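Below is one structure, written out as structure tokens, with a few remarks after it.
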Amino acid sequence: YNGELYNFQSLKAELKALGVVFQSRSDTEVLLRAWQQWGEASLTRLLGMFAFAVWDMRAQRIFLARDQIGIKPLYYGFTSSGDLVFASELKGLLAHPGVERRLDPQALEDYLALGYVPDPKSIYRGIFKLPPGHWLSWRVDDPEPVPCQYWDVPFDRTADVTEDEAAAQLRSLLDGAVASQMIADVPLGAFLSGGVDSSAVVASMSRALHQPVRTCSIGFDHGSFDETVYARRVAGHLHTRHFEQRVSADDYALLDTLAAVYDEPFSDSSALPTYRVCELARTQVTVALSGDGGDENFAGYRRYRLHAWESSLRARLPLSLRKRVFGLLGSIYPKADWAPRPLRAKTTLQALAHDDVEAYYHSVSITSAAMRQRLYSASFKRELQGYSALAVFRSHAKRAPTNHPLLLAQYLDLKTWLPGDILTKVDRASMAHSLEVRVPLLDHRLVEWASSLPPGLKLKGGTGKYVLKKALEPDLPHEVLYR
Numbered sequence: 001y002n003g004e005l006y007n008f009q010s011l012k013a014e015l016k017a018l019g020v021v022f023q024s025r026s027d028t029e030v031l032l033r034a035w036q037q038w039g040e041a042s043l044t045r046l047l048g049m050f051a052f053a054v055w056d057m058r059a060q061r062i063f064l065a066r067d068q069i070g071i072k073p074l075y076y077g078f079t080s081s082g083d084l085v086f087a088s089e090l091k092g093l094l095a096h097p098g099v100e101r102r103l104d105p106q107a108l109e110d111y112l113a114l115g116y117v118p119d120p121k122s123i124y125r126g127i128f129k130l131p132p133g134h135w136l137s138w139r140v141d142d143p144e145p146v147p148c149q150y151w152d153v154p155f156d157r158t159a160d161v162t163e164d165e166a167a168a169q170l171r172s173l174l175d176g177a178v179a180s181q182m183i184a185d186v187p188l189g190a191f192l193s194g195g196v197d198s199s200a201v202v203a204s205m206s207r208a209l210h211q212p213v214r215t216c217s218i219g220f221d222h223g224s225f226d227e228t229v230y231a232r233r234v235a236g237h238l239h240t241r242h243f244e245q246r247v248s249a250d251d252y253a254l255l256d257t258l259a260a261v262y263d264e265p266f267s268d269s270s271a272l273p274t275y276r277v278c279e280l281a282r283t284q285v286t287v288a289l290s291g292d293g294g295d296e297n298f299a300g301y302r303r304y305r306l307h308a309w310e311s312s313l314r315a316r317l318p319l320s321l322r323k324r325v326f327g328l329l330g331s332i333y334p335k336a337d338w339a340p341r342p343l344r345a346k347t348t349l350q351a352l353a354h355d356d357v358e359a360y361y362h363s364v365s366i367t368s369a370a371m372r373q374r375l376y377s378a379s380f381k382r383e384l385q386g387y388s389a390l391a392v393f394r395s396h397a398k399r400a401p402t403n404h405p406l407l408l409a410q411y412l413d414l415k416t417w418l419p420g421d422i423l424t425k426v427d428r429a430s431m432a433h434s435l436e437v438r439v440p441l442l443d444h445r446l447v448e449w450a451s452s453l454p455p456g457l458k459l460k461g462g463t464g465k466y467v468l469k470k471a472l473e474p475d476l477p478h479e480v481l482y483r
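Numbering of the sequence shown is given in the UniProt record's numbering, commencing with residue 1 and proceeding in unit increments.
Below you can see the structure in the form of structure tokens.
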């Protein structure tokens, strides 16, 4: 078992009422008793971050499960002799002599396109990540198991709420999520970048605590990347005990360490400051709350605004015509990588030639298909058999409960970028320092609620995270919220 159950006390009370007798005060025993009582149905009752395995001695069957959002990792695979192996780290499986180290060509294509290896793949053929919100079961002589989904982001209903009602509801949900994740018998603190999301979490913590919150920030020597001035502004406003550390350009000596920590290819350069902020936080606390998830829940990324605008243009013309006209113009128009994204006519024309899914995939890709094809040898291309990383997005879009352009983009990020990049980065960096990082904005109840919001309350008049900023106006300075 790896993780934390935030509602284990209420689950324990419910189980006690059913006659269950407990022998400890740990959430691990609560999880076990819940599984004994309700089996797979217990997963819908769990609130927290977790990856676990349960061995059913009577049925001679093993169950693996992962939390709704994918905060905690879980790898599994089979040895050459047919044994199931699983671990929270890829290196745990590779330590087994029966696990083969064979590169998965499709996983490499995914990595070179996206900068990370999205689940269910790992960089090795035959080793998989259990997707978020899934479980699987297996017993000897069974065929290879197929993961079963027990939770998904709804996105299939729209709440009928006013702007003020939504802001009040969000404030209540955020306070509830933060309060449940502040329960700890060890020193507690938070990351504070000075952005809206981490500031929201710290503001909620400050309302709940009767003492200053310990906050940690990372700064950069290069002024254009450094946001510590905003972190200090929020820290002063909320009266936190604030700690800072700077990352310099020569900190790349850390790269070998990161390679060992991450197990498989990972190209997000923010892995470096994330490692350093976890290192700093561990000198002060054992548990830290972070603001991850705000951009995905409330449409904070700038690419959402561009995607929504381009989608409105795409809707005016049929795809066949757009492919011919904009595809041709995009192929002959000169590149302008130096320009801001809205002014890159070539990129915009190419986006207009695609459907919403392919256009969004290209907006988050770090390399073009043409560039990758130039890298691949003839034999590697044969191994790929025409596979493209676009298939990852097509697969998720096919199962998505919405086709609204903005909501679909959010759904795709919650299925790919969030677990594959953001949560992977934070988990690896924090575990390397024995720091437990909790993520209130990814409380699955809050995620469900956010998915039901009308798009206009997330992205309004070019302002992303609109309702979140509205909810925080009583707590944070205007220049922090709307910078």
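In this text, a Cβ means the ideal position worked out from N, Cα and C, and glycines have one as well. The structure displayed is predicted, hence computed values, not measured ones.
Which residue marks the beginning of the beta strand (DSSP E) containing F22, and which one marks its end?
Unbroken run through F22: none, as it is neither H nor E.
Tell me which residues share the same chain as P474 and place their Cβ nearer than 8 Å to its Cβ, disregarding the 5 neighbours each side in the sequence.
Hits under 8 Å: none found.
What would DSSP say about L114, mapped onto helix, strand or coil?
DSSP places L114 in helix when its eight states are reduced to three.
For Y124 and F86, what's the separation of their Cα atoms in angstroms?
Cα to Cα, Y124 sits roughly 14 Å from F86.
Tell whether a beta-carbon distance below 9 Å holds between A397 and L408.
For A397 and L408, yes; Cβs fall inside 9 Å.
Would you tell me roughly how many angstroms separate the C-alpha atoms of N7 and V285, rounded to the nearest one?
The alpha-carbon atoms of N7 and V285 are separated by roughly 22 Å.
Can you tell which of R438, R101 and L47 has its C-alpha closest to the C-alpha of T79?
Nearest C-alpha to T79: R101.
If you reduce the DSSP assignment to three classes, tell me which class T162 lands in.
It is coil, neither helix nor strand.
Enumerated in chain order, which unbroken segments of the beta strand (DSSP E) with a length of 3 residues or greater are wholly contained in the stretch 252-327?
Those beta strand (DSSP E) runs which fall completely within the stretch 252-327 and span 3+ residues are 287-289.
Relative to the C-alpha of P265, which residue among A253, D356, S122 and G219 is closest?
Checking every option, the nearest Cα to that of P265 belongs to S122.
Check whether the stretch 188-206 and the stretch 170-180 touch, using three or more Cβ-Cβ pairs below 8 Å as the test.
At 8 Å Cβ cutoff, the stretches touch.
Could you tell me which of E14, D292, D251 and S172 sits nearest to A208, measuring between CA atoms?
Out of E14, D292, D251 and S172, S172 has the C-alpha closest to the C-alpha of A208.
Using a Cβ-Cβ cut-off of 6 Å (strictly less than) and excluding sequence neighbours within five positions of S311, which residues of its own chain qualify?
Cβ neighbours of S311 beyond the five flanking positions: D356 and P405.
Ignore the nearest five residues each way along the sequence and tell me which others in A471's own chain have a CB closer than 6 Å to its CB.
Excluding residues within five positions, the ones whose Cβ falls inside 6 Å are A167, L170 and R171.
When the Cα atoms are used, what is the spatial distance from A113 to R45?
So the alpha carbons of these two residues sit roughly 36 Å apart.
What separation, rounded to the nearest whole angstrom, lies between the Cα atoms of R157 and L31?
Cα to Cα, the separation comes out at about 31 Å.
Return the CA-CA distance between A95 and E89, expressed in angstroms with no decimal places.
Going by the C-alpha atoms only, they are around 10 Å apart.
I'd like the span of the alpha helix (DSSP H) that includes D427, first residue to last.
It spans L423 to M431 - the alpha helix (DSSP H) in which D427 sits, taken as one unbroken run.
Just to check my reading of the structure: T424 and Y116 have Cβ atoms closer than 8 Å, yes? What is that Cβ distance to the nearest angstrom?
Right, the Cβ-Cβ distance comes to about 7 Å (below 8 Å), so this counts as a contact.
Quick check: what's the CA-CA separation for G92 versus T463?
Rounded to whole angstroms, G92 to T463 spans 44 Å at the Cα level.
Is R483 helix, strand or coil when you go by DSSP?
Three-state result, R483: coil.
What residues are listed by DSSP as bridge partners for S217?
S217 pairs with E244.
N297 to V447, Cα distance in whole Å?
Using only the alpha carbons, I get a separation of about 6 Å.
Under the three-state reduction of DSSP, which class applies to L188: helix, strand or coil?
Of the three classes helix, strand and coil, the one that applies to L188 here is strand, per DSSP.
Taking three-plus beta-carbon pairs below 8 Å as touching, is the stretch 289-303 in contact with the stretch 426-445?
Contact holds: three or more Cβ-Cβ distances are below 8 Å.
Taking R207 as part of the alpha helix (DSSP H), name the residues at either end of that continuous run.
Start and end: V196 to A208.
So what's E4 in DSSP terms, helix, strand or just coil?
The answer is strand: DSSP assigns E4 an E or B state.
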